[in-house]
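Here it is, written out as structure tokens:
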């Protein structure tokens, strides 16, 4: 009964060039281990998909997901953290783990997205996956176990994101994962189809390419780390964070990352 | 993007100028009368069921049939929008459906449930307008009544949805093996499938005579409609079919048997977002369907899947353990519903065929699943460019990734998907751990089968006669064989021995490659994770407190020995004022302190797993330099067999 729909990239000149870069029918060499190629490919893919990425900042699901990240970080500072989370429909018990916390967060995002006019989109799903990955990886590393512990342990871990520095790291992780997933939404169609080509000789090369792309995006997202921390800190202090200023922030953050990935692609 | 559609059903009147029709392409659907283009027929309905099912259930059957017809006849499109950056996927459907109970169906709670479950299953937008039905519509037209004397099938625990695949067969076998009477409900759409399903049921009945009844339900559409193969609303239809049979029988609900790997359908690749991976029996889908069926029947009506924590291999093993492996050959898993071959049931190239073959091989039951039943060999057969090649690559890549990644990494990578899967579980973390463990089992099965098949095909690999587009060739790439890029040097570099076919006879190459098969796969798999993000193993330095605690745990100290070891190395409890100031003292004082010490030790043991051995060794040098050798020796000796259970290091503290 399980079925998976697999698609192809658009048949345009830009994408044909990208496929050529990945499969390497003219030049040889491994695509995954060469930073040159991963950087160039990432930059070219962003160029081909910039219209979609520009829409991310105004996508209700993406916007709410990032807004919720800021709110849970702030809730961890509140006197009554469970009550502060309850405002967003997040319910924890005394023995909730980091994983339980992310389940509740995902539920809150799903409920919001379902009720929004546009419903769930590919961008909102990427944001949701990236938020889960960012929170689970960072908070998980600050607690004894991903699946055990207590609500207090979770709170302490989440509270570390409520500082300028802490939120900067969380923001970097979120944007790094978002961009990697966004790019691989397109590129995974090409890499799987190009297996056996000079630059992707075996399955291990595809795995290496995926990892290299992820690392490249994580590192490129360093450009927004300080920006995230400063925005969080200033906005909380001055006006409070809402969906509107989150949207404005996302637009700038995505622009910064796009420009950084573009710069790295040409520099290399 | 395809234009929005308006489906006007059962002869409803909707004017062209109506608001609902604006901007929508109109399609008329009807299941009765001269203009009928949707066929609904429930076969083998015994008179022991009510002759006239509840009107609301007949409404449900019609609604589900219309929705499924709309889903299957409307192309999702392939064009990209937004400057070729947005893929066509979701569609926009509006329905006008005359029903017997318009007040019920129009209530906000029900329309909300309908749109929620359908949107989750299909990623399409749905809106419904329900209007009163003309009274002359003859719903009994759908039901083909037969007589059954001594009907023993009343009030079963569940009615079981029965496809023609392995999972529902295993469920039926397992249930019937308990001695229970089983009501099986099937959807039929084309006659080829019908005859295969009937044959499978006949074979099943031979093993469990008088215990089974089969209710096939025909739902199909006019051939003039287009054909969209994704069929994401299937389980909505199945739930309706199940409910129509279960309710008059007094059954507790409807049961799907589907292995957890397919039920969750984690994305095999990052292009697979949302319902591009089908959510037919996803726990969220079943939750919504259960709520909907309960509302329709006005009672607690379960819609469940007992195989959520089983892999496909586990499911196949159920058949073997219940003395029914011979039935495997009568099942069909192929996704190509319209597959025409009379002699072979499987295409061998779709995801379902791949999954089936891997599972049966992993379970060691290949003798019951003939190779000749596959048009193309799953492992060594040719694959066309596009879907067939990509599916093989993504399936193998996903399986190996599941096997090699840690539980925490999987919980992080698939956080959104796992979060949804356990949302309605009472103990979510426990359920997530079970689901992850199941996925790791699946990953191991995939990897083991790959190894087995590479060994089996080593001769073909050696002489280069393996099909270049086959799953095995794609996985191994051009590291083997006499292809233009592969030479003996490549093999030598990988295996450390001279091999390959270059410069050797096929026999020599055969031997060397056969020996190297495992190493080649290891070489390919060795590339996984070499450039990955930081692993969950912590790299930061260990503080003295943890170093001492970990050392005591590793040595195996318990009770007073553990307390003394800590105390002698100046590790004091961090408890509030008024509490004992040393561990030995606290231990001696009795409750609640020994329990507190034990809890602290348990937490330390969990923390310990997060540090790599070399980090711990470095910490020992730093914090316990005088005792490093002794401790290190003890630790090493305790990991070996026959190590002393009575460590002599560190005598208990004398009080």
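Chains as they are written, first to last, in our numbering: chain A, 31 to 298; chain B, 50 to 704. No residue lacks a Cβ here, since even glycine has one placed at the ideal position from N, Cα and C. None of the values given here were measured: they were computed from a predicted structure.
What do you get for residue i, buried or exposed, if any count of 16 or more other CB atoms within 10 angstroms of its CB means buried?
{"i": "residue 624 of chain B", "result": "exposed"}
{"i": "residue 258 of chain B", "result": "exposed"}
{"i": "residue 66 of chain B", "result": "exposed"}
{"i": "residue 663 of chain B", "result": "exposed"}
{"i": "residue 250 of chain A", "result": "buried"}
{"i": "residue 672 of chain B", "result": "buried"}
{"i": "residue 124 of chain B", "result": "exposed"}
{"i": "residue 420 of chain B", "result": "exposed"}
{"i": "residue 134 of chain B", "result": "buried"}
{"i": "residue 45 of chain A", "result": "buried"}
{"i": "residue 273 of chain A", "result": "exposed"}
{"i": "residue 375 of chain B", "result": "exposed"}
{"i": "residue 619 of chain B", "result": "exposed"}
{"i": "residue 263 of chain B", "result": "buried"}
{"i": "residue 460 of chain B", "result": "buried"}
{"i": "residue 415 of chain B", "result": "exposed"}
Any heavy atom of the ligand FMN within a distance shorter than 6 Å of the CB on residue i?
{"i": "residue 195 of chain B", "result": "In the structure shown, the ligand FMN is absent, as is every other ligand, since no ligand is present at all."}
For residue i, does the three-state DSSP call read helix, strand or coil?
{"i": "residue 290 of chain A", "result": "helix"}
{"i": "residue 28 of chain B", "result": "Because chain B here runs from 50 to 704, residue 28 of chain B falls outside it and cannot be looked at."}
{"i": "residue 326 of chain B", "result": "strand"}
{"i": "residue 135 of chain B", "result": "strand"}
{"i": "residue 524 of chain B", "result": "helix"}
{"i": "residue 275 of chain A", "result": "helix"}
{"i": "residue 236 of chain B", "result": "strand"}
{"i": "residue 195 of chain A", "result": "helix"}
{"i": "residue 203 of chain A", "result": "helix"}
{"i": "residue 393 of chain B", "result": "coil"}
{"i": "residue 645 of chain B", "result": "helix"}
{"i": "residue 204 of chain B", "result": "coil"}
{"i": "residue 602 of chain B", "result": "helix"}
{"i": "residue 316 of chain B", "result": "coil"}
{"i": "residue 93 of chain B", "result": "strand"}
{"i": "residue 234 of chain A", "result": "helix"}
Shortest alpha-carbon distance to residue i belongs to which of the options?
{"i": "residue 76 of chain B", "options": "B:255, B:262, B:298, B:270", "result": "B:270"}
{"i": "residue 209 of chain B", "options": "B:307, B:473, B:631", "result": "B:307"}
{"i": "residue 235 of chain B", "options": "B:205, B:467, B:328, B:305", "result": "B:305"}
{"i": "residue 177 of chain B", "options": "B:151, B:201, B:169", "result": "B:151"}
{"i": "residue 483 of chain B", "options": "B:70, B:397, B:309, B:286", "result": "B:309"}
{"i": "residue 110 of chain B", "options": "B:129, B:87, B:131, B:132", "result": "B:87"}
{"i": "residue 38 of chain B", "options": "B:202, B:171, B:260, B:286", "result": "The displayed coordinates of chain B run from 50 to 704. Any statement about residue 38 of chain B would go beyond what the structure contains."}
{"i": "residue 188 of chain A", "options": "A:103, A:141, A:48", "result": "A:103"}
{"i": "residue 656 of chain B", "options": "A:90, A:117, A:177", "result": "A:177"}
{"i": "residue 255 of chain A", "options": "A:49, A:280, A:133", "result": "A:280"}
{"i": "residue 302 of chain B", "options": "B:103, B:428, B:343", "result": "B:343"}
{"i": "residue 60 of chain B", "options": "B:182, B:356, B:117", "result": "B:182"}
{"i": "residue 277 of chain B", "options": "B:315, B:127, B:362", "result": "B:127"}
Any 3 or more C-beta pairs closer than 8 Å across the stretch 36 to 52 of chain A and the stretch 215 to 224 of chain A: Enough Cβ pairs lie closer than 8 Å, so yes.
When you check each C-beta in the stretch 429 to 445 of chain B against every C-beta of chain A, which residues fall closer than 8 Å? Within the stretch 429 to 445 of chain B, the residues whose Cβ lies closer than 8 Å to some Cβ of chain A are 434, 435, 436, 438, 439, 440, 442, 443, 445, listed in chain order.
Taking 8 Å as the cut-off, does the stretch 322 to 337 of chain B touch the stretch 370 to 384 of chain B (at least 3 CB pairs, one atom from each stretch)? With a cut-off of 8 Å, the stretch 322 to 337 of chain B and the stretch 370 to 384 of chain B do not count as touching, because too few Cβ pairs lie within range.
When the Cβ atoms of the stretch 467 to 477 of chain B are set against those of the stretch 428 to 446 of chain B, are three or more pairs found closer than 8 Å? Short answer: they don't touch.
Check whether the stretch 627 to 646 of chain B and the stretch 145 to 161 of chain A touch, using three or more Cβ-Cβ pairs below 8 Å as the test. Under the 8 Å Cβ criterion, the stretch 627 to 646 of chain B does not count as touching the stretch 145 to 161 of chain A, having fewer than three qualifying pairs.
Of all the residues that make up the stretch 115 to 139 of chain A, which are near chain B by a beta-carbon distance shorter than 8 Å? Within the stretch 115 to 139 of chain A, the residues whose Cβ lies closer than 8 Å to any Cβ of chain B are, in chain order, 127, 129, 130, 132, 133, 135, 136, 137.
Interface residues of the stretch 225 to 255 of chain A facing chain B [CB-CB below 7 Å]: Under the 7 Å Cβ criterion, the stretch 225 to 255 of chain A contributes 225, 226, 231, 232, 233, 234, 235, 236, 237, 238, 241, 242, 244, 245, 248.
Please list, in chain order, the residues of the stretch 106 to 139 of chain B that have any C-beta partner in chain A closer than 7 Å. Taking 7 Å as the Cβ-Cβ cut-off against chain A, the residues of the stretch 106 to 139 of chain B that qualify are 129, 131, 132, 133, 134, 135, 136.
To be precise: take each residue of the stretch 473 to 487 of chain B, compare its Cβ to all Cβ atoms of chain E, and keep it if any distance is under 7 Å. Which residues remain? Checking the listed chains, one finds no chain E in this structure; the protein chains it contains are A and B.
Chain-ordered residues of the stretch 591 to 623 of chain B with a beta carbon less than 9 Å from chain A: Per Cβ criterion, the list is empty.
Closer than 7 Å between beta carbons: that is the criterion. Which residues of the stretch 302 to 315 of chain B meet it against chain A? For the stretch 302 to 315 of chain B, which is checked against every Cβ of chain A, the residues closer than 7 Å are 307, 311, 314.
Contact list for the stretch 85 to 116 of chain A against chain B, Cβ threshold 9 Å: Contacts with chain B (Cβ-Cβ distance below 9 Å) from the stretch 85 to 116 of chain A involve 85, listed in chain order.
Between the stretch 172 to 185 of chain A and chain B, which residues of the former have CB atoms less than 9 Å from a CB of the latter, in chain order? Cβ contacts with chain B come from 174, 175, 176, 177, 178, 179.
Are the stretch 448 to 455 of chain B and the stretch 483 to 492 of chain B in contact at 8 Å, needing three or more beta carbon pairs? Touching, yes, given that three or more Cβ pairs across the two stretches are closer than 8 Å.
Is there contact between the stretch 191 to 209 of chain A and the stretch 412 to 430 of chain B, where contact requires at least three CB pairs shorter than 8 Å? The stretch 191 to 209 of chain A, when compared against the stretch 412 to 430 of chain B, does not touch it at the 8 Å Cβ threshold.
Quick check: the stretch 145 to 163 of chain B against the stretch 313 to 325 of chain B, are there 3 or more CB pairs under 8 Å? In short, these stretches do not touch, since the Cβ pair count stays below three.
Looking at C-beta atoms only, is the number of pairs between the stretch 240 to 258 of chain B and the stretch 213 to 223 of chain B that lie closer than 8 Å three or more? Contact holds: three or more Cβ-Cβ distances are below 8 Å.
Of the residues that make up the stretch 376 to 387 of chain B, which ones have a beta carbon closer than 7 Å to any beta carbon in chain A? Within the stretch 376 to 387 of chain B, the residues whose Cβ lies closer than 7 Å to some Cβ of chain A are 384, listed in chain order.
Given 8 Å as the limit, is there contact between the stretch 137 to 144 of chain B and the stretch 106 to 124 of chain B, that is, 3 or more CB pairs closer than that? The stretch 137 to 144 of chain B vs the stretch 106 to 124 of chain B: in contact.
Chain A contacts from the stretch 231 to 244 of chain B (Cβ-Cβ distance under 9 Å): Under the 9 Å Cβ criterion, the stretch 231 to 244 of chain B contributes no residue.
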